[in-house]
Structure formats: C-alpha cells, structure tokens
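Have a look at the structure below before the remarks.
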Amino acid sequence: MAGSARSYDDTYAAWRRDPAGWWAEAAKGITWDAPPEAAFDGALGVYGRWFPGGRLNTCFNAVDRHVAAGRGTQAAIIWDSPMTGRIETTTYAELQQRVAKIAGALAARGVGKGDRVVIYMPMVPEAAMAMLACARLGAVHSVVFGGFAAAELAARIADAKPKAIVSASCGLEPGRVVKYKPLLDAAIGLSPHKPSSMLILQREAAPCELTPGRDEDLLAAEAAATPHACVPVESTDPLYILYTSGTTGAPKGILRDNGGHAVALHNSMSMVYGVGPGDVFWAASDVGWVVGHSYIVYAPLLAGCTTVLFEGKPVGTPDAGTFWRVCEQHRVKVLFTAPTAIRAIKKEDPDGAFLKRYDLSRMEALYLAGERCDPDTITWSERLLAKPVVDHWWQTETGWTITGNFRGLGLFPTRAGSGGKPAPGYDVVVLDEAHQEVPRGQIGSLAVRLPLPPSCLPTLFNADDRFREAYLSAFPGYYSTADAGMVDEDGYVWVMSRTDDIINVAGHRLSTGAMEEVLASHPDVAECAVVGVRDTLKGQVPLGLVVLKSGVAKGEAAISKELIAMVRDQIGPVAAFKDARVVARLPKTRSGKILRATLRKIADGDDYVVPPTIDDPAILDEVGDVLKAAMR
Numbered sequence: 001m002a003g004s005a006r007s008y009d010d011t012y013a014a015w016r017r018d019p020a021g022w023w024a025e026a027a028k029g030i031t032w033d034a035p036p037e038a039a040f041d042g043a044l045g046v047y048g049r050w051f052p053g054g055r056l057n058t059c060f061n062a063v064d065r066h067v068a069a070g071r072g073t074q075a076a077i078i079w080d081s082p083m084t085g086r087i088e089t090t091t092y093a094e095l096q097q098r099v100a101k102i103a104g105a106l107a108a109r110g111v112g113k114g115d116r117v118v119i120y121m122p123m124v125p126e127a128a129m130a131m132l133a134c135a136r137l138g139a140v141h142s143v144v145f146g147g148f149a150a151a152e153l154a155a156r157i158a159d160a161k162p163k164a165i166v167s168a169s170c171g172l173e174p175g176r177v178v179k180y181k182p183l184l185d186a187a188i189g190l191s192p193h194k195p196s197s198m199l200i201l202q203r204e205a206a207p208c209e210l211t212p213g214r215d216e217d218l219l220a221a222e223a224a225a226t227p228h229a230c231v232p233v234e235s236t237d238p239l240y241i242l243y244t245s246g247t248t249g250a251p252k253g254i255l256r257d258n259g260g261h262a263v264a265l266h267n268s269m270s271m272v273y274g275v276g277p278g279d280v281f282w283a284a285s286d287v288g289w290v291v292g293h294s295y296i297v298y299a300p301l302l303a304g305c306t307t308v309l310f311e312g313k314p315v316g317t318p319d320a321g322t323f324w325r326v327c328e329q330h331r332v333k334v335l336f337t338a339p340t341a342i343r344a345i346k347k348e349d350p351d352g353a354f355l356k357r358y359d360l361s362r363m364e365a366l367y368l369a370g371e372r373c374d375p376d377t378i379t380w381s382e383r384l385l386a387k388p389v390v391d392h393w394w395q396t397e398t399g400w401t402i403t404g405n406f407r408g409l410g411l412f413p414t415r416a417g418s419g420g421k422p423a424p425g426y427d428v429v430v431l432d433e434a435h436q437e438v439p440r441g442q443i444g445s446l447a448v449r450l451p452l453p454p455s456c457l458p459t460l461f462n463a464d465d466r467f468r469e470a471y472l473s474a475f476p477g478y479y480s481t482a483d484a485g486m487v488d489e490d491g492y493v494w495v496m497s498r499t500d501d502i503i504n505v506a507g508h509r510l511s512t513g514a515m516e517e518v519l520a521s522h523p524d525v526a527e528c529a530v531v532g533v534r535d536t537l538k539g540q541v542p543l544g545l546v547v548l549k550s551g552v553a554k555g556e557a558a559i560s561k562e563l564i565a566m567v568r569d570q571i572g573p574v575a576a577f578k579d580a581r582v583v584a585r586l587p588k589t590r591s592g593k594i595l596r597a598t599l600r601k602i603a604d605g606d607d608y609v610v611p612p613t614i615d616d617p618a619i620l621d622e623v624g625d626v627l628k629a630a631m632r
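Per the UniProt record's numbering, residue 1 is the first one in the sequence shown, and the count goes up by one each step.
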C-alpha cells in the first residue's frame, strides 16, 4: 500500500498533496530492471505517461520473483472446473516452468518484443499462461472472449495483426460444447491479415483437426520448446490490447502499458481488497473481460496471492451453491464477482439454503462490479453472509477501481447503491452540459480530471485521434466516463446509469437506475431493467422489465400494480412510471451487463444490431416480443 497513511481520508489527502510522490512510493512494490526517471511526464503521449525511463518485465513480477523469494511451492493458480469435474493446482514454480516454455514455443515461431498475439481461449490454466508468456517475451497479447462470433474475431485479427494465435479446440457451456476451430478458420478467412502460426490446446470434449503448415498442438509445442527468459521492456511499452464491444465500425482497442499497470494493480490488491502474499483471491469472471485480465491473472499474481480460475456458472453447475462451495473448498479470502451473478443466485436461492451448507468463515468480503448493483442485492448479500459487501465502480478503460471501499485503509461505512469514494489517483467530478461542476447531490456526467492514474489507458491502439474524440473531447481537461451520477455531501459517488440511460420525461431528466433501485427492492423481484421509450406526449416514458424469484405465485397484474405504486411513492408522479412487465430472463452480455440500449431500440421500433457480446440471442427475441406487445 502506497504511503504510510492509516485511513482512507489521510491516504486520499496524501495523494492530492503530491500525486507523483505518492505513485513513486507505490512503484517501490515492483521489481525494476531500471528504475523510472520520473513518476510522471505530462509532455509524453496524449495526456502524459507514467514511470517513463523505467524498464521491467510484468511476467517476472507476477511469477519469477516469487519463486526467487522462496515461495515456489505456494499455489499460484487453482483451476476449478465444474464443466469437466476437474480441480488442478499450479504452484508458482510450476507456473514459471510452463510459462517459460510456452514463451519459448512462441519465440520459436517468430514472436518477439512488440509483436501481437491473439488469445482465444476458454477458462483453462493455459489461457493465463499464454498471457504471461506474451508478457515474458515483451509481446502484446489481445485476448478475445472464447466463442466470439467469427466476424467479430476477424475484425480484431485485422486490427491487431497478430503474428500468432493461441486457442483451444473448444469451450464448454452448460449443456453444450462450443467448437472454436470452425470459428477460427472462418475468422481468418474473413480477415485480410493472416497469422503465420496457431497453437491449439486440444480438449477431450471436442478435439479438432489441425491445418497443416499453420496449426500445431499447444502442449506438444510447449514440451519441445526451450524455456525463454524474461525480456525487459520500457514502462511505457504496451502489455496488451483489449477490444471493447461495438456494434458498428472498427473495434476499439484499449491499450494497457507495462509499468503503470503493474504498479497500480499490485498496489490495489492491498489497498482496495486487503489481501497479500499467500491469500486466496477469486475473481469470478472470464479472462476475455477486463476483470479477468486485472484480477484473475495479473493483480493477484503480482501480489503473490493464489488466484482461482473457475470454469462454470453461478447457477446450474450444478446448483446455486457452487460459488459458496468454491469459497469453502479453496479457502477464498475475498470474492469479486458481478452483481448479475449474485442476482442469479438470489433468484434460485432467495433464502440462502445452499449458502448455509458451506463454511465461509475464511471469506472476509464480497466485492461487486461490472454494472451498478441495486441496494436490495447488497443488503441481501450482507444479511446472509454477515460480511462486508462492497460495490465498486471501474471500467475496461481504467483497469482498476475508480471508486470503492478500501479494506487496506480500514473500511468506512458503506451506503447501498453507492459505488463508494474515489480511489487515490482519481479526482472524480460531476459536470453539466456547460462543462461546469454541479452542486453536491445533483445528477450530471461523471468525469475524471486529467491526468488519469497509472493503469488507465494512455490511448487506443493505433488511434490517438479516436481516443481524444471518444474520451477527452466532451469535457476538455477531463476523461469522460459516459456514466451519469452524483457525488453526495460526504463524498460518496453514486453511478446511476450510462449517460444515454438518463431519460427526459416531460422536460424532467430522470435516472432509469433510480427506478431500477425501487423495482429491485420489491420482495418478489430477482432482477430488473428500466428503459426509456419514445412517447408522443412526454418525449420519453419508462418501462419496467422484471424477473421474479423462484416460487413466486402472485400474478403479473398484481405485481405490476405494486411496482407502479412503489415508483410513484418513492420517486413521484413525475416519473410517469405506468407499466411493468414480467419476463423469464433479461438479455445480457457474457460479462453480465443488461442490454438496455438494444431494448430501448426494440421498444422504439428502431433498427438495431444484435451485440456480438450477447450471451443468448434467444432471450432478446423473447423480451423483444414483450416490449412490442407493451408498445401496442
């Protein structure tokens, strides 16, 4: 943890007084081949660069230095796969050996410093090892969520221009096997760029045929390889590209550098989550998303923790107690997951019967992020777990928390519905359309005063101008988060919705997030979404979609009436909330975000594109029929 301050207020104030000095102190937690010349240089890059002149290797910091410190026998990765029925533990020494050989296999196929490698993998240990192997070489990895459609994969291959691809023959989902090789072949066929080699992990569920002259078995290549040493790189050299989902145009490649990323993520493990060497940390996400990059692979290993890599679902593999079984079995200290995962568990097990079967005495906290968490889910979790539950806010672009609560600084009181207070490094403000700060307690656009802290994107891959337009042009001097919210009198930040989910009802700007908060507090509601739809009289009106908890016998009309009354009572008649529909499921991305913008387009009768990140397109059709019926 940077600095010697003992509390959040003292630590944040210390950062405000001397940002460069604060981060220079944090940088001492990283092993450098050459120390940085400065903590920050505002003349470099688009808005400045962190730790210029420093040289390091991220893989060395995440793996080799722990072995050198005598902790090689400690578990580095626990792979828990309900999909295969297997649990495997990899120690730091074993991880070092395998990563060095996979790096050697890539190097033998021409991959070197600065080259890109696309990784298209399921949740298996080799996915993390391939990422670390790229970092070991100074190569730049771009992980694409396993099972992504061929056209989307092709767009990423065309943009990143990888020298090699590391993949697997298949991924496993409840009730189905997703064969990757046909998707890979189709994507390479569509892309104008053709990678020269491809290493494939053959899985028992569905081995694939290898294309002669290009494809090779990953494990065979690893076995035959000469271990490769860590290659020092500049702090400002890229570590990875992570493409954000988009429905039109070229994909947007979030760039992450080596030095700032390592410093901020290493520091975050102690400061934010209160864990350190030897502790077991579980981020229940996927390596294809930013949470998987930051908190399955890099941050826990940089801090010398044991990280859990889970191939399964919160419900159905086999039941709603799976998360709690993993926490008990592997002695998880802190669990980090998405609100949608907890809501899925709450829907299937509203009284916590499964949870009560497990000993969670070693678990100390639950952290939630990915989308705003409704207060009811927070209070439900707190009541059943009897442990701190922290909703914290961050983005793919930032790579770590913007706001939250900080176990390493002594937790301050949480407020259900708030994302907590800003992390040291972030000066969060709320701006109006005239670019002026609004008074405390008023809703506006959430922005961060430049410069952004270490680990935040310095730019987009090969697209400085697009970076400026997308993030810096709306509010000059600030990074625009594209989220709407407020800061209350005590400094707590409330993220209410994306800025395009603020609706205008008869001239009143209202947050759909505030209405969702009311709906989610109904005892029969498991999860919900509110979308603003066009109205000839009022401009827009809200429409509620709710998923009920298991076992609810009450009719839809009765529940809808109760929900309308609740919104009228807690927000007021100004909301014009007059319709709530029950649906079996809500359409989401694979990372758990509800597709509100797509739902709004369907309700308005506008053209829309099915997002490439959608988890199950059939759900969108089901809910779309409900929306169309409501609009008649």
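For each residue, glycine too, the CB sits at the ideal point set by N, CA and C.
So which of D351, D488, G110, G419 has the shortest CA-CA distance to K549?
D351
Roughly how many whole angstroms lie between the Cα atoms of A529 and P251?
27 Å
Got a sec, what are the start and stop residues for the beta strand (DSSP E) L368 sits in?
365 to 368
Cα-Cα, which of F475, L409, V493, T31 is closest to P422?
V493
Looking at the strands, I want to know which residues DSSP matches up with L452.
Paired residue(s): none; L452 is not in a bridge.
How is V567 classed by DSSP in three states: helix, strand or coil?
helix
Identify the continuous alpha helix (DSSP H) that holds F467 and give its terminal residues.
464 to 467
When you compare the CB positions of W23 and R55, do they come within less than 8 Å of one another, or not?
no
Measuring only the C-alpha atoms, how far is F437 from P375?
One detail in the question is off: residue 437 reads as Glu in this sequence, not Phe. Cα-Cα distance, rounded: 27 Å.
DSSP puts T211 in a beta bridge; with which residues?
In the DSSP output, where bridge partners are listed per residue, T211 has none listed.
Ignore the nearest five residues each way along the sequence and tell me which others in R534's own chain have a CB closer than 7 Å to its CB.
Q540, D604
Grab the span of the alpha helix (DSSP H) containing A103 for me, first residue to last.
92 to 108
Just to confirm my understanding: we take T247, look at its own chain, exclude 5 residues before and 5 after, and list those with CB closer than 7 Å. What are they?
Confidence is the limiting factor: at T247 the pLDDT is only 39, short of 50, which leaves the residue's position unreliable and the question unanswerable from this model.
Limits of the alpha helix (DSSP H) - the one that K628 falls within
617 to 631
Taking 8 Å as the cut-off, decide whether the C-beta atoms of R49 and P458 are in contact.
yes
Coil, strand or helix - Y479 by DSSP
strand
Uninterrupted beta strand (DSSP E) stretches inside the segment 281 to 338 (no shorter than 3 residues):
306 to 310, 334 to 337
For D286, is the classification buried or exposed, using 16 other Cβ atoms within 10 angstroms of its Cβ as the cut-off for buried?
buried
Do R156 and V118 have their C-beta atoms within less than 8 Å of each other?
yes
G70, DSSP secondary structure in three states
coil
Which word fits S381, buried or exposed, when buried means at least 16 other C-beta atoms lie within 10 angstroms of its C-beta?
buried
What does the alpha-carbon distance come out to for the pair M486 and H435?
15 Å
Residue span of the beta strand (DSSP E) that contains A75, given as start and end:
75 to 81
Classify H261 as helix, strand or coil using the three-state DSSP reduction.
helix
Quick one: grab the DSSP three-state call for I30.
coil
Buried or exposed: where does Q96 fall if 16 or more other Cβ atoms within 10 Å of its Cβ makes it buried?
buried
Which stretch, first to last residue, makes up the beta strand (DSSP E) that contains G171?
170 to 173
Where does the unbroken beta strand (DSSP E) through L199 begin, and where does it stop?
197 to 201
Is it the case that the Cβ atoms of A62 and L210 are separated by a distance below 8 Å?
no
With DSSP run on the structure shown, which of helix, strand or coil describes C230?
coil
Does the beta-carbon distance from F145 to R568 come in below 8 Å?
no
Can you name, in chain order, every residue of its own chain whose Cβ lies under 6 Å from the Cβ of L620, other than the five neighbours on each side?
P587
Can you tell me which of the three DSSP states G189 falls into?
helix
In the DSSP assignment, find the unbroken alpha helix (DSSP H) run with C134 in it and report its ends.
125 to 137
Nearest to D483 by CA position, among L201, G513, Y92, is which residue?
G513
CB-CB under 6 Å to H141, same chain, minus the five flanking residues each way: which ones, in chain order?
V117, I119, M131, C134, Y240
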